[in-house]
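Here's the structure we're looking at; comments come further down.
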Amino acid sequence: MKLGIVKETRPEERRVAASPNVVAKWIKAGWNVAVERGAGEAASYPDSQFEAAGATLVPRAEAWTADIVLKVRPPETAEADQLRDGGTLISFFYPAENEALLAKLAAKKMTLIAMDCVPRISRAQKMDALSSMQNIAGYRAVIEAANRFGSFFTGQFTAAGKVPPGKILIIGAGVAGLAALGAGKGLGAIVRAFDVRAAAEEQVKSLGGEFLTVTVKEAGEGQGGYAKEMSKEFLEAEYALFRQQAKEVDVVITTALIPGRPAPKLWFKDMVEMMRPGSIVVDLAAERGGNCEYTKPGEVVDVNGVQVIGFTDLPSRMAHVASEFYGMNLWHLLDEMGGHANYKIDHENDAVRPALVLEKGEKRWPAPPMKKAEAPAAAKPAAPAPAPAPKPAVTTTPAKSSGHHGPPARAPSRASGIVMSVVGLIAAGLWIYLRFAGDPGALGSVEMTELIQRMTVFVMAVFIGFQVVWNVTPALHTPLMSVTHAISGIIVVGGLLAGSGKLDNAVIVAVAATLFATINIAGGFIVTRRMLAMFRK
Amino acid sequence: MESMFKSVPHWYALSTVAYLVAGVLFILALRGLSSQETAKRGNIYGIVGMAIAVGATLANKEASFHPALIGAILIAVVIGATMALRVGMTAMPQMVALLHSFVGLAAVLVGFSLQLHLDATRHLAVDFDLPMAEKIETYIDVIIGAITTTGSVLAFLKLRGSVSGKPLLLPARHFLNLAMMIAIVALGVMYGQKAELWKLLAAAGIACVLGVHLVAAIGGADMPVVVSMLNSYSGWTAAAAGFMLHNDLLIITGALVGSSGAILSYIMCRAMNRSIWNVIFGGFGAAPPKVDKKAPAQPAGEVQEIDALELATKLKESKNVIIVPGFGMAASRAQHAVREMTDVLRKQGVNVRFAIHPVAGRLPGHMNVLLAEANVPYDIVLEMDEINQDFPITDVAIVIGANDIVNPAAEEDPTSPIAGMPVLQVWKAHLVIVNKRSRGAGYAGIDNPLFYKPATKMLFGDSKDAIEKVVAALKS
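From first to last, the protein sequence lines are chains A and B.
Quick note: the first sequence uses my numbering, first residue 1, plus one each step.
Quick note: the second sequence uses my numbering, first residue 538, plus one each step.
Structure representation (structure tokens):
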């Protein structure tokens, strides 16, 4: 079988479907590889390297008629005519948007595998070209911003003055957003990332970013149209947050995409206008219409000194590494399909089947749901860009995360452990007690019953105490102690009970007990009151 | 026994209900303390519960309460209220410790009162003795009460500074503890054979010594644990009294207080990465690395100083400031000056927050109370876990009178006595200001490599004076 690597013809496209490294792997695996002359030049892979890797350099027409044609972008209409009837094409394709082209390939009885349709399950991650390109785009977005930003990203203290670090806001902490976060941190900037998914918080923090999210208070309970109201409120809160951030940050990188739909608008004209002159907006969703209202795909727009970058070719601007990554994705795909020895289209392979668009001219897309589909949750972390707008329901959960949840979350298991040991000790005590009081005369059955009742009360109270106190916030530990003091003054009841009768020694001692216990009650409650009155928000 | 149930007096049924209500109110009181919003209500629940409990007890028509009791209550309310209203927030640890000792003392006295009542009846029949259950209960009540009393008094003195905070480590202290425990158990067995006053007195005496000895061995830095542990003891004492007097309310309340104190001790210990046994017995068995007088390998080095004026300039230029208060702030009553500095900075748009280590100060939550007293809003006062990751993005971290809780040796030096203790990572801030009265080591007696880090500048002087100077410089 012969693989054909063709030159990309679309303007501004510098990538090539595979690097010489990948070609060498294919050759080693037994494939024949034909590379169109000059295919890798724009990506800094000269023909000589492909030749050295074992590929045959061929003229354009020959590369296009290989058994399997490997490409980055979907073919132009004219190029599609060059494809061999009954052959195979593997490239990005976006079948939903390219129906005419699809019909054309179907007429040629071709097999088509669309790289953009590779499922986002963990098993298919190695061939997920969208993610690898998003990763590059995120990094490049920061570089483009840095290139146009008139100051340092990292803070500087110099003899000539002090420069605060640059602030970057990233909207959407998907693959691209996280890559941008890493790149921004690497340049020394302060990076904040916004996402509606609570799961993103951990990832953002792990890379050293600040996590921003919106907490929406519940609007009315149990009313109809609850979710809708929620979503409106949520969006308002989100935009309010963005407007506040717009005044602070130097760079905004938006990455919000919704599969199969135009990109949601979330960085409005007024937000751009609020930003300081010299600030940068990089819109990674530009190809899908953009998240920013000022975005013009492929261009840089200047709005009162704020530059809105709408490049659609960010991965292509790093064609060298992008070609290497894309080639590796293709290598894994072919490997998954059986490699050179057992290459075939397997409808049972859930990592490949969704990407199969045409099979010998028969339309196979969209793929039917898999019987044993992997849990969608597994795909989530890899999602390229979250869509803030359509799923506001998620936001009810991240409400007040972090906070005090640390210790109390672990508490119950610890508490029950302690409780169990207390119970054990009590049981042991009871046993010793019974041993001690072996004399049946002294220990009547009624007394035994009463004791057991008291033990029960005791254990229950200990248990309740543990449950209640675990939730006390550490800031209130001192008031907690003083209130427990006041309460432990309950021993006054003991003093009172012992203080009946005429004034003999016993009663005098009981009076003294009452005195001390009551000091505690009065002192404890009053001091608690004083302390609590001081806490203010 | 059947007759007993028939003759259950009316008040008895009523008081049982009243006790139940009081018990529930106490639970609600503790529950209320779980957040600032509900805490005041919780305190009121406690007061109402107490009023109901005392009222129901006094409503017992069968008992002939001595009028002196009422007098005692009135006097005690006046004393307690005076103490509570006059105590300064910096003196809270002492006050708390003193209150512990009162609970213990009251419990001991109740136990003795019962014994004396018994002795009074012996005039009628010499052989008369208490049932075994009551003997054991009385005995336990007196022992725990006595340990609590003297332990708390010593803690009070240590916290007030009347007694040195240094741990007193007698050579054979574990042996001494053990001997005293054995003596107490032996006396207990004897008391079980016949309840006599002298046995109880002797046991209480030994328990008093034991209480002193236990607390004496504990160093100043561990005081928060001791205080909360004594809190726990005072609760168990009350519970023991409840068993002794067959009073469910005492049992419930004692158990609530006891478990509350136990949890606080546990939380404190975890904050210091030490086990409760390690704290109480100062290292049972495999003695932990004790602090030598002055280990020569310690990172002696040059410290850089900063003055108030320069610090004010730095603060004006910063965006994020975190203040880490410690006992030194309490000692020099600098919290008001600190609050003033916070206000000035916040007005200028600086994000000022406070980082509170769980064992900062001498009492759980001590710093929070002090800052609250100075009117610092509690939403900018954060726990260690909430704020520790923010130090790398902090321009200036100001450490005021804290030492061990910001010591990087806990993370970097496995041989350090505080190795493994979670600490506030102030050294990750761009600039660290350490305010200290002098160049001495911290309460734990450990040198602090933080002082010699390149990003650290020392602001020597009394906290209050130093911060007031900074405030003046900020305003000029």
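Just so it is clear, CB atoms sit at the ideal spot from N, CA and C, and this is done for glycine as well.
None of the values given here were measured: they were computed from a predicted structure.
Residues of its chain near residue i, where Cβ-Cβ distance is below 6 Å and the 5 sequence neighbours each way are ignored
i: B/Ala792; result: Ala776
i: B/Ser491; result: With chain B running from 538 to 1013 in the structure shown, residue 491 of chain B is simply not present.
i: A/Ala183; result: Tyr139 and Val142
i: A/Lys126; result: His332
i: A/Ser323; result: Arg15, Val16, Ser19 and Ala43
i: A/Thr528; result: Pro479, Ser482 and Val483
i: A/Arg353; result: His347 and Ala367
i: B/Ala720; result: Ile743
Own chain partners of residue i with C-beta closer than 7 Å, once the 5 adjacent residues on each side are dropped
i: B/Ser802; result: Val762, Ser765, Met766, Ser769 and Ile813
i: B/Ala849; result: Val1007, Ala1010 and Leu1011
i: A/Asp67; result: Met1, Lys2, Gly87 and Thr88
i: A/Val272; result: Val281, Cys292, Tyr294, Val303, Val306 and Val308
N- and C-terminal bounds of the beta strand (DSSP E) containing residue i
i: B/Ala609; result: Per DSSP, B/Ala609 belongs to no beta strand (DSSP E); it is in the alpha helix (DSSP H), Pro604 to Arg623.
i: A/Val58; result: Thr56 to Val58
i: A/Ile487; result: Per DSSP, A/Ile487 belongs to no beta strand (DSSP E); it is in the alpha helix (DSSP H), His477 to Ser488.
i: A/Gly166; result: Element bounds for A/Gly166: n/a, residue is neither H nor E.
i: A/Arg15; result: Looking at the DSSP string, A/Arg15 is not in any beta strand (DSSP E), and its letter there is neither H nor E.
i: A/Ala34; result: Asn32 to Glu36
i: B/Phe988; result: Run containing B/Phe988: none; DSSP gives neither H nor E here.
Residue i, enclosing alpha helix (DSSP H) - first and last residue
i: B/Ile495; result: Lying outside 538 to 1013, the shown extent of chain B, residue 495 of chain B is not represented and no answer is given.
i: B/Ile789; result: Asp785 to Ala808
i: B/Thr687; result: Met669 to Arg697
i: A/Asp504; result: A/Asp504 -> no alpha helix (DSSP H), and no H or E assigned at all.
i: B/Ala849; result: Ala845 to Glu854
i: B/Thr594; result: Gln573 to Leu595
i: B/Leu747; result: Leu734 to Ala753
i: B/Pro761; result: Met760 to Leu782
i: B/Asn857; result: Unbroken run through B/Asn857 is the beta strand (DSSP E), Asn857 to Pro862; no alpha helix (DSSP H).
Residue i and residue j closer than 8 Å at C-beta
i: B/Phe997; j: B/Ala966; result: no
i: A/Lys363; j: A/Ala106; result: yes
i: A/Ile171; j: A/Thr295; result: no
i: A/Pro20; j: A/Ala53; result: yes
i: A/Ile190; j: B/Ile917; result: no
i: B/Arg710; j: B/Ala683; result: no
i: A/Ala129; j: A/Met115; result: yes
i: B/Ala1003; j: B/Ala897; result: no
i: A/Ala506; j: A/Ala498; result: yes
i: B/Thr774; j: B/Asp678; result: yes
i: A/Gly501; j: B/Ser650; result: no
i: A/Ala39; j: A/Lys7; result: yes
Per-residue burial, residue i [other beta carbons within 10 Å of its own, 16 or more giving buried]
i: B/Asp759; result: buried
i: A/Ala61; result: exposed
i: A/Gln203; result: buried
i: B/Asn925; result: buried
i: B/Phe712; result: exposed
i: B/Asp984; result: buried
i: B/Thr658; result: exposed
i: A/Lys247; result: exposed
i: A/Phe525; result: buried
i: B/Lys736; result: buried
i: A/Met460; result: exposed
i: A/Ser316; result: buried
i: A/Glu236; result: exposed
i: A/Ala160; result: exposed
i: B/Ala716; result: exposed
i: A/Pro11; result: exposed
i: A/Ala124; result: buried
Heavy atom of the ligand SAH within 7 Å of residue i beta-carbon
i: A/Val468; result: Absence of the ligand SAH from the depicted structure is noted, as is the absence of any ligand whatsoever, leaving it without description.
Chain-order list of residues whose beta-carbon lies under 8 Å from that of residue i (same chain, five-residue window excluded)
i: A/Pro74; result: Ser91, Phe92, Phe93, Tyr94, Asn98 and Leu101
i: B/Leu653; result: Leu734
Whole-number beta carbon distance between residue j and residue i, since they are thought to touch under 8 Å
i: B/Gly748; j: B/Thr687; result: 4 Å
i: B/Ala621; j: A/Ala522; result: 7 Å
i: B/Met632; j: B/Val906; result: So it is not a contact: roughly 11 Å between Cβ atoms.
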